[in-house]
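Engineer: Encoded as structure tokens, here's the structure I'll be asking about.
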Ligand code: SF4
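Following this line, the structure appears as structure tokens:
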């Protein structure tokens, strides 16, 4: 998934910052720190630990205040706590699950991409996008966060899909991306206004932890952000969408559609081989009807692949009459595909055909393309590029699959492993 923006900021050369001091990225995950992250604890859990370990329960509030509102990243920095308690906390928990974080700025400082190293060495990304006040619109600061390290879905236009699946993130690892961005904003007298689960991974395949994270983000005693300011994106995990609908929360559902026709969507979003596009849209329609919240559909526009008049017309038929909004986003180039983004005049023509069916459409542009702000791009680059022969084979496979899809043939490829209903 990809952070995007309607802003027309011209690209600028990014600051060159050596990521993690140019230390080589580990080729595989190392041992994981087993101490739970403080932000991922359920309400009451820290009080119970304090009591069980002979400390007054009010100390829990001091720790949680530091975690959610303070600048501290280690217990040693919480000076209101007795030294012995700081040591005991450090033995039992982590105040920050991001072992290291480095930031790349671009778009004149409007986009900040954070590359986070986890305790086992895996890399994940979050992207902070600043939107200055414009007309009646207030200033906004939107954070795009990851829910998994890697992703099993394997969309061929996505750098995270190229990385493959590593593991689900812990609740604290999801929330600490937010705390990291908030600390940077607060230092400038600002705060986060929106959070989107559109970074690395498929959020609905780590749904229990994503829901626990949203609960913490909503909770006034913890982060305190209204559900309407949170967007959860999915590539089409139908049981997960139904589960969200049953819960009825008021956050926004975004569906990464990319194609309205099954043969093409089988290739662009391999999860379509398990849950075809009609089922995905039916579940999203039910979500809109139940929650009264408009569903956003995202389409990454790929030149000559999913941007034809026939694709626009199929999309119009699929969504006509729905409580829906379509975002069209020209694709970021990634190494292992032969594809390029659709030229803007073609995107505009596509948009007009869909609008003619009464569907709201916005054309958006990727933020920070020159620093690889498409999800997983920076982590993929840092993890090392695949060899030219591997890239060539992937390209040939993608060309063959998309040619068959454009002839209307359904994919014979299997459903990607690791995309079962899982925690959905
Ligand atoms: S589901 Fe999102 S993160 Fe996963 S491969 Fe597809 S676009 Fe990338």
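Residue numbers (my numbering): 4 to 427.
We put the CB at the ideal spot given by N, CA and C, even for glycine.
As the structure is a prediction and not an experimental result, all values here were calculated from the model.
1) Below 7 Å CB to CB, which residues in the same chain sit around residue 356 once its five sequence neighbours on both sides are set aside?
2) Count the other C-beta atoms from every protein chain shown that fall within 10 angstroms of the C-beta of residue 276, then say buried if there are 16 or more, exposed otherwise.
3) Can you find the residues in the same chain that come closer than 6 Å, C-beta to C-beta, to residue 404, ignoring five residues on each side of it along the sequence?
4) What number of angstroms, rounded off, separates the C-alpha of residue 308 from the C-alpha of residue 146?
5) Helix, strand or coil: which one does DSSP assign to residue 205?
6) Exposed or buried, what is residue 148 when buried is set at 16 or more other beta-carbons lying within 10 Å of its beta-carbon?
7) To which residues of the same chain is residue 104 closer than 8 Å at the C-beta, ignoring the five residues directly before and after it?
8) Using a Cβ-based criterion (distance less than 7 Å to any ligand heavy atom), does residue 205 qualify as near ligand 1?
9) Would you identify the three-state DSSP class for residue 112, choosing helix, strand or coil?
10) Does the pairing of the stretch 51-58 with the stretch 131-144 give three or more beta-carbon distances under 8 Å?
11) DSSP on residue 251, reduced to helix/strand/coil?
12) At which residue ranges does the stretch 25-91 contain complete alpha helix (DSSP H) runs of 4 or more residues, listed in the order of the chain?
13) Round the Cβ separation of residue 156 and residue 238 to the nearest angstrom and send it over; I've been treating them as touching at under 8 Å.
14) Would you say the stretch 168-184 touches the stretch 83-100, given that touching needs at least three Cβ pairs under 8 Å?
15) In whole angstroms, give me the CA-to-CA distance for residue 324 and residue 361.
16) Please list, in chain order, all residues of the same chain as residue 245 whose beta carbon is under 6 Å from its beta carbon, the five residues on each side excluded.
17) Classify residue 37 as buried or exposed, calling it buried when 16 or more other Cβ atoms lie within 10 Å of its own Cβ.
18) Are there 16 or more other CB atoms within 10 angstroms of the CB of residue 61, so buried, or fewer, so exposed?
Structural biologist: The relevant details are as follows:
1) 312, 315, 316 and 319
2) buried
3) 270
4) 30 Å
5) coil
6) buried
7) 117, 118, 119, 120 and 183
8) yes
9) helix
10) no
11) coil
12) 48-55 and 61-72
13) 5 Å
14) yes
15) 8 Å
16) 286
17) exposed
18) exposed
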